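Report on the structure given below.
Printed below as a string of structure tokens:
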């Protein structure tokens, strides 16, 4: 297993070269999985019954659990952000557990991906802060004294950057550990030890890191809007 990010081609758009890397390819795969799942749900949803069974039970349980999770974290007034956070949760989760597939490099093991997701959180923080607190939110950057503006701005930028490094670091560390195990494990253990560690690094750690990233993102947005208590 190679931990370097491979390049599979180059696309020229308006004189700008765009590298088709492992991260982009794996992102397309994750998007394909999620889009396919969404299409299946959309087709099946028209056949849902008042009394859920089977597949309907699973879908409704997932939606209900996430809605409660969102409501408890951000409050009722920010529930309209549920579509974004639900998509974010699924994307990161599928990306993380994709490491269970041989040869698949999780997109979240690339900082360019995690920082891009974190920047969306940063935009939401500012947008919700201004929407619900207006000029008070802008003034808060100058407190307790105007000279604190640079410090407050750095602190504001540090939050999304920190969660991007947290997710990236954990997923890359798991990728590196698995690469070392495949190289160093004795022949008689090569089919047993990696499988057990994949369950931890890709499944368990992947789920935990997804939960942490999304929960912190929600909390930051709710804190900016001061609605976490609603």
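In my numbering, the protein residues as written are 1245 to 1474.
Cβ coordinates follow ideal geometry from the N, Cα and C atoms, glycine included.
Quick caveat: nothing in here was measured; it's all calculated off a predicted structure.
Inter-residue Cα distance where the pair is residue i and residue j
{"i": "residue 1390", "j": "residue 1364", "result": "27 Å"}
{"i": "residue 1445", "j": "residue 1269", "result": "21 Å"}
{"i": "residue 1443", "j": "residue 1359", "result": "26 Å"}
{"i": "residue 1397", "j": "residue 1403", "result": "10 Å"}
{"i": "residue 1405", "j": "residue 1456", "result": "14 Å"}
{"i": "residue 1346", "j": "residue 1248", "result": "15 Å"}
{"i": "residue 1351", "j": "residue 1379", "result": "38 Å"}
{"i": "residue 1277", "j": "residue 1407", "result": "25 Å"}
{"i": "residue 1329", "j": "residue 1261", "result": "31 Å"}
{"i": "residue 1451", "j": "residue 1284", "result": "23 Å"}
Short Cβ contact (9 Å threshold) for residue i with residue j
{"i": "residue 1454", "j": "residue 1349", "result": "no"}
{"i": "residue 1465", "j": "residue 1334", "result": "no"}
{"i": "residue 1412", "j": "residue 1353", "result": "yes"}
{"i": "residue 1288", "j": "residue 1303", "result": "yes"}
{"i": "residue 1415", "j": "residue 1318", "result": "no"}
{"i": "residue 1279", "j": "residue 1458", "result": "no"}
{"i": "residue 1440", "j": "residue 1373", "result": "no"}
{"i": "residue 1271", "j": "residue 1252", "result": "no"}
{"i": "residue 1355", "j": "residue 1409", "result": "yes"}
{"i": "residue 1342", "j": "residue 1422", "result": "no"}
For residue i: DSSP bridge partner residues
{"i": "residue 1256", "result": "1261"}
{"i": "residue 1241", "result": "Any property of residue 1241 remains undetermined from this structure, which presents the chain solely from 1245 to 1474."}
Continuous alpha helix (DSSP H) stretch holding residue i: start and end
{"i": "residue 1368", "result": "1355-1377"}
{"i": "residue 1448", "result": "From DSSP, residue 1448 is part of no alpha helix (DSSP H); its letter is neither H nor E."}
{"i": "residue 1395", "result": "1393-1428"}
{"i": "residue 1320", "result": "Neither: residue 1320 is in no alpha helix (DSSP H) and is coded neither H nor E."}
{"i": "residue 1333", "result": "1326-1341"}
Is the segment 1289-1303 touching the segment 1414-1427 in the sense that three or more CB pairs, one from each, lie closer than 8 Å?
No: fewer than three Cβ pairs fall under 8 Å.
Taking one C-beta from the segment 1247-1264 and one from the segment 1313-1324 each time, how about it: are there three or more such pairs within less than 8 Å?
With the cut-off at 8 Å, the segment 1247-1264 and the segment 1313-1324 do not touch.
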